[in-house]
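In terms of full-length UniProt numbering, the sequence shown is numbered consecutively and its last residue is 277. Backbone N, C-alpha and C fix where the C-beta goes; we use that ideal spot for every residue, glycine too. Fair warning: this is a prediction, and the values are worked out from it, not measured in the lab. Taking it in order: structure first as structure tokens, then the write-up.
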Amino acid sequence: MVGIPYETWSGAGNTFVLVEAALLREPIAPPDLARLACAAGRASAAAVDGLLLVSGDEVRLWNRDGSPAEFCGNGARCHAARLLQRSGSQRVRFLFGRHSIEGWREQGRIGVTVPPPCRARRQPTRAALGGALAPLEEDLARIGLIHAGVPHLCLLLRGPARSDLRRTAPALRQHPFFAPNGTNVTFLWQTGLWRQAPEGEVRTFERGVEDFTQACGSGAVAGAAMLMGQGSASRAQLRVASGDWLAVERNGPVWTLSGPASRVAEGLLSPDPGRRF
1 MVGIPYETWS GAGNTFVLVE AALLREPIAP PDLARLACAA GRASAAAVDG
51 LLLVSGDEVR LWNRDGSPAE FCGNGARCHA ARLLQRSGSQ RVRFLFGRHS
101 IEGWREQGRI GVTVPPPCRA RRQPTRAALG GALAPLEEDL ARIGLIHAGV
151 PHLCLLLRGP ARSDLRRTAP ALRQHPFFAP NGTNVTFLWQ TGLWRQAPEG
201 EVRTFERGVE DFTQACGSGA VAGAAMLMGQ GSASRAQLRV ASGDWLAVER
251 NGPVWTLSGP ASRVAEGLLS PDPGRRF
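This is the structure we're talking about:
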């Protein structure tokens, strides 16, 4: 296999390798390409969370483990940033899987429309999740399963968790209640108000990455929906693990996600996972 042209993009620390399908000179299945890109990232001490594969006006995401994702908020923002940079336009439109997305740049931040978050019809209870919640018993205020393009088990805490979330999250991610595909797990806690809107911290253990990421756009949207559902606010501001801030807004039926996004590298992806890229 010859080298594959790529770009690396970061959306608030959520990092992706972006490849144009038209530039693939030899056939390679997207799951294999995703695993290759992420393995090369590990060899370069770069935590790559997934592959953004662009085909015409559509972009799709494959996770670190090679599984496809229906949507990715920060992936959409990175693709929007790239299109805005290349076109010089004020606004762009594209497809992310089956979702029609609009993107724009405002005050140095990249915003996109996102699938409106909604509560799942079948909601987990504390009893249903049983011992998986035991380490959080003293910290947990509310739970809810919210679909924000992909499913998120949202756990609203009373403050920073006093237990090790790295030990708690995998059991919830794979809990039989969410079979067969499992769920993303998003922890959040409110820290105050920002312009009369909720402000907080959010951390997401991502399905397909099988670890906490530096940021998760759909997790921020799901978490914001939980915070905003407690009052009349139409906006929430959430700080992610990287220290960056993501803003989620609701304007009638339209929801948006905005935050930093930038290109951090480009080059040729080698078929040898041990080679730096």
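- Residue SER262 holds the alpha-carbon nearest to the alpha-carbon of ARG105 among SER262, GLY267, LEU269 and GLU266.
- Inter-segment contact for the segment 89–107 and the segment 58–74 is present: three or more beta-carbon pairs are separated by less than 8 Å.
- Considering only THR125, ARG25, ARG119 and ASP49, the residue with the shortest C-alpha distance to HIS152 is ARG119.
- Counting C-beta atoms within 10 angstroms of its own C-beta, ASP32 has fewer than 16 neighbours from the protein chains shown and is therefore classed as exposed.
- A straight-line Cα-Cα distance of about 15 Å links GLN190 and ALA241.
- Between TRP255 and PRO27 a beta carbon distance of about 37 Å is seen, past the 8 Å cut, so the two are scored as non-contacting.
- Closest in alpha carbon position to PRO198, among THR183, PHE205, GLY182 and ALA220, is ALA220.
- With contacts defined by Cβ atoms closer than 8 Å, ALA34 and GLY66 form a contacting pair.
- Along the length of the segment 133–185, whole alpha helix (DSSP H) runs at least 4 residues long occupy 165–173, reported in chain order.
- Rounded to the nearest angstrom, the gap between the Cα atoms of GLU210 and SER270 is 24 Å.
- Here DSSP, grouped into helix, strand and coil, assigns CYS216 to coil.
- Between the segment 1–11 and the segment 199–207 there are fewer than three C-beta pairs closer than 8 Å, too few to call the two in contact.
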